[in-house]
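When we follow the numbering used here, the leftmost residue of the sequence shown carries the number 70, and every step to the right adds one.
For glycine and all other residues, C-beta sits at the position ideal for the given N, C-alpha and C.
Keep in mind the model is a prediction, meaning the values are calculated, not measured.
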Amino acid sequence: MVQPVQSGRLETNQPKLRRSVGFYGLMFVSLGSIIGSGWLLGALKAAKVAGPASLLSWVLTAVIMATLALIHAELGAAYPAAGGTARFPLLAFGVVAGFVGGWVAWLQAVALAPVEVEASLEYLDNIGWVKDNLNLLTESGTLTASGFAWATLLMAIFTIINLVGVKLLSESNSATVIWKAAVPLLTIVVLLSLRFHPGNFTAGGGFAPAGAHGVFAALPVGVVFALQGFEQAVQVGGEARNPQKDISRAIITAMVIGTIIYLLLEIAFIGALDPAAIAHGWDNPIEQGSFGPYATLATLAGAGWLAYILYADAFVSPAGTGLLYLGTSSRLSYAMGRDKMLPRKLGKLSLRGVPVWSIILSFVVGEIMFLPFPSWQKLVSVITSATALMYAFAPVAMTALRKRDPDRPRPYRAPAPKVIAPAGFVAANLVIYWTGFDTTWKIMVAIVAGFLLFLAGRKTIPAAERPEIDWKAGTWIAPWLGGQVILGWLGRYGDSGNLNVLPEWLDLVVVMVFSLVIFYWAVNVAMETSKVKAAIEREAAEIAA
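Below is the structure:
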């Protein structure tokens with residue numbers, strides 16, 4: 070293992086992140102991120118796009134996420150630092166890749182807290198007394214002044230919990246995750262036992278009314294969004310008590326539990342639908358769509374008591390996930406501040422070992438995101454695309470670090486790395502493609518804007534202190550991102566802007582070939598071993614603490 074070295078950059082008398090989170094805390098952090106508003110809406114959204122074949126969408130997503138989870142498990146155990154998804158590309162490719170990877174990770178994480186808070190309020194607004202007395206939403210679904218005040222109160226509570234420290238964050242999350250897992254399991258049991266129609270799985274045009282296109286198109290409308298979040302154990306890796314042992318186990322355990330729950334939920338949802346509602350198609354399988362489909366099914370099944378539990382959970386699950394993402398987004402900005410890719414104040418810790426300024430930044434940006442947005446669905450697609458971009462950095466980083474840092478102890482090793490790494494990168498790129506051109510180009514604009522901020526920020530740092538840029542190691546990034554926009558423009562997915570000229574199935578082959586070219590290009594231009602070792606040594610104080 071690389072030993073910590075004392076450089077001018079490291080100050081041993083500075084506060085450090087406190088390693089106080091054990092295996093169950095890490096596992097609950099990942100599982101709590103996986104089970105959020107996605108479970109309440111994911112099955113409905115997927116069924117509307119793919120019909121009963123949405124089951125295949127969940128299986129495909131589970132395979133993709135499991136592949137990426139195994140890669141993150143290896144990286145998180147070998148390089149356990151806070152904001153790990155920003156650190157891995159930094160160690161392998163330098164500050165350009167580190168910033169882009171960290172920036173997209175931060176974008177999706179900082180957006181998720183307010184999205185989950187808004188989801189909580191939207192569900193609460195479905196309760197008669199709340200709708201009549203609290204006036205949370207406008208007719209178009211955006212927040213009223215009252216709704217903004219309640220949303221701000223929730224964000225403030227999340228911020229206070231995070232400011233107290235990661236141990237309180239972990240403990241408060243562990244309590245809510247038990248509830249969050251129990252309610253969907255109870256829902257599955259009730260619906261399967263009281264209201265299950267096997268014929269629904271071939272109704273409305275057969276098992277796959279929209280064909281393979283529907284199966285793939287369902288991924289970005291809520292399926293990937295629901296199963297994302299396993300990497301949150303990595304983000305707080307710098308505060309894990311035994312990271313080498315616990316991070317990989319936590320990630321894999323959370324993924325297995327989350328996958329089983331979501332697959333059973335889709336089966337229970339489809340089976341519980343009114344056969345008459347789907348006899349002629351899946352455009353509107355349940356009348357009360359966006360606000361509590363499971364509550365409606367529970368009432369139809371004669372389990373009105375379950376509907377009340379579901380409305381309570383419709384607040385608890387999204388709010389619990391929002392709490393986590395405010396914390397993990399702050400770890401990402403902390404990581405980038407510490408590595409001088411964002412203002413250095415973001416990389417400072419309080420005496421309690423908490424990144425105060427990064428937490429405050431997440432709160433402020435979250436408040437801005439409460440301004441009128443498009444539908445929950447549109448936001449989910451944007452977050453899904455950003456998440457896939459974040460995940461895509463891990464396979465190339467793992468392969469490059471295995472080559473450039475081969476002697477480092479790896480407590481967990483991903484199986485068949487020569488297969489799983491390129492497969493993971495290809496899978497992430499397919500998810501980006503399936504989100505569609507109308508989403509992809511917006512993400513790329515946000516990345517360009519962030520990179521301009523990065524370049525402007527470098528000018529505020531004295532030249533002698535600026536991290537050196539290895540431009541060669543980052544040459545693959547612009548062609549990769551630009552290529553994704555072009556493929557989306559030529560492709561068959563999205564609501565607008567795409568030309569739909571790539572033939573079905575051939576389009577997937579083109580994306581796969583393009584992804585493999587970028588993958589091996591990136592691995593071959595990674596920083597030299599000496600530079601990788603130097604980057605690891607600069608992180609060693611936190612990695613080995």
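Taking DSSP as the reference, what is the three-state secondary structure of residue i?
i      : result
Ala457 : helix
Ala281 : helix
Val90  : strand
Ala463 : helix
Glu597 : coil
Glu80  : The predicted position of Glu80 is uncertain, since its pLDDT is 40 and thus under 50; no value can be drawn from it.
Leu686 : Here the chain has residues from 70 to 614 only, and residue 686 is not among them.
Ala309 : strand
Arg471 : helix
Ser419 : coil
Gly291 : coil
Ala604 : helix
Ile104 : coil
Leu411 : coil
Phe265 : coil
Phe299 : coil
Tyr481 : coil
Leu342 : coil
Ile14  : An answer regarding residue 14 cannot be provided, because it is not within the stretch 70 to 614 covered by the chain.
Gly519 : helix
Thr211 : coil
Phe270 : helix
Asp476 : coil
Val570 : coil
Trp545 : coil
Phe97  : helix
Which two residues bound the contiguous alpha helix (DSSP H) that contains residue i?
i      : result
Ala202 : The question names Ala, but residue 202 in the sequence shown is Asn. First-last of the alpha helix (DSSP H) with Asn202: Gly197 to Asn202.
Met224 : Ala214 to Val233
Thr529 : It is not in any alpha helix (DSSP H) - Thr529 carries neither H nor E in the DSSP assignment.
Gly563 : Neither: Gly563 is in no alpha helix (DSSP H) and is coded neither H nor E.
Val186 : Val164 to Leu193
His141 : Ser123 to Ala147
Ile538 : No alpha helix (DSSP H) holds Ile538; DSSP gives it neither H nor E.
Tyr380 : Gly373 to Arg407
Val488 : Pro486 to Thr504
Tyr363 : Pro362 to Leu369
Trp426 : Val425 to Ile437
Is residue i near the ligand COA, judged by its Cβ being under 6 Å from some heavy atom?
i      : result
Val582 : Judged by which ligands are present, the structure shown has none, so any question about the ligand COA falls away.
Between residue i and the rest of its own chain, which residues show a CB-CB distance below 6 Å, the 5 nearest in sequence each way excluded?
i      : result
Gln72  : With a pLDDT of 37 at Gln72, under the threshold of 50, the modelled position of that residue is not reliable, and no figure is offered here.
Ala457 : Ala497, Val500 and Ile501
Gln357 : For Gln357, the predicted model reports a pLDDT of 48, less than 50, meaning its position is unreliable and no value from the coordinates is stated.
Pro453 : Note on residue identity: the sequence assigns Thr, not Pro, to residue 453. Closer than 6 Å at Cβ, skipping near neighbours: Pro289, Val293, Phe294 and Thr504.
Asp539 : Gly163 and Met596
Val259 : Ala372 and Leu375
Gln75  : Low per-residue confidence applies at Gln75: pLDDT is 34, beneath 50, and the placement is therefore not dependable, though the value from the model is reported in the following sentence. Counting only Cβ-Cβ distances below 6 Å, and skipping sequence neighbours, we find nothing.
Enumerate in chain order the residues of its own chain whose CB-to-CB distance from residue i is below 7 Å, with the five nearest sequence positions on each side excluded.
i      : result
Val594 : Lys541, Ala542, Thr544 and Trp545
Ala178 : Tyr394, Thr397, Ser398 and Leu401
Asp201 : none
Met581 : Val495
Gly291 : Gly107, Leu110, Gly111, Lys114, Ala115 and Val449
Gly298 : Ser99, Ser102 and Ile103
Thr130 : Leu288, Val292, Val293 and Leu296
Met324 : Met134, Ala135, Ala138 and Phe299
Residues in its own chain within less than 8 Å of residue i by CB, not counting five upstream and five downstream?
i      : result
Arg482 : Glu143
Leu125 : Ala119, Ala277 and Val284
Ala286 : Val118, Ala119, Ala279, Trp503 and Tyr562
Ser215 : Leu203, Asn204 and Leu205
With three or more C-beta pairs closer than 8 Å as the rule, is the region 377 to 392 touching the region 245 to 263? With the cut-off at 8 Å, the region 245 to 263 and the region 377 to 392 touch.
For the structure I just gave you, are there three or more beta carbon pairs, one from the region 425 to 435 and one from the region 521 to 530, closer than 8 Å? No, they do not touch.
Between the region 400 to 407 and the region 163 to 183, do at least 3 Cβ pairs fall closer than 8 Å? Output reads yes: the region 163 to 183 touches the region 400 to 407.
Counting pairs of beta carbons, one from the region 95 to 104 and one from the region 258 to 271, are three or more of them closer than 8 Å? No: the two stretches stay apart, fewer than three of their Cβ pairs being nearer than 8 Å.
Check whether the region 459 to 473 and the region 107 to 114 are in contact - that is, three or more C-beta pairs closer than 8 Å. Flag = no, the region 459 to 473 and the region 107 to 114 do not touch.
I want to know whether the region 547 to 563 touches the region 476 to 491 - three or more CB-CB distances under 8 Å. Taking 8 Å as the limit for Cβ pairs, the verdict is that the region 476 to 491 does not touch the region 547 to 563.
Taking contact to mean at least 3 C-beta pairs separated by less than 8 Å, is the region 89 to 100 in contact with the region 308 to 321? With three or more CB-CB distances shorter than 8 Å, the region 89 to 100 counts as touching the region 308 to 321.
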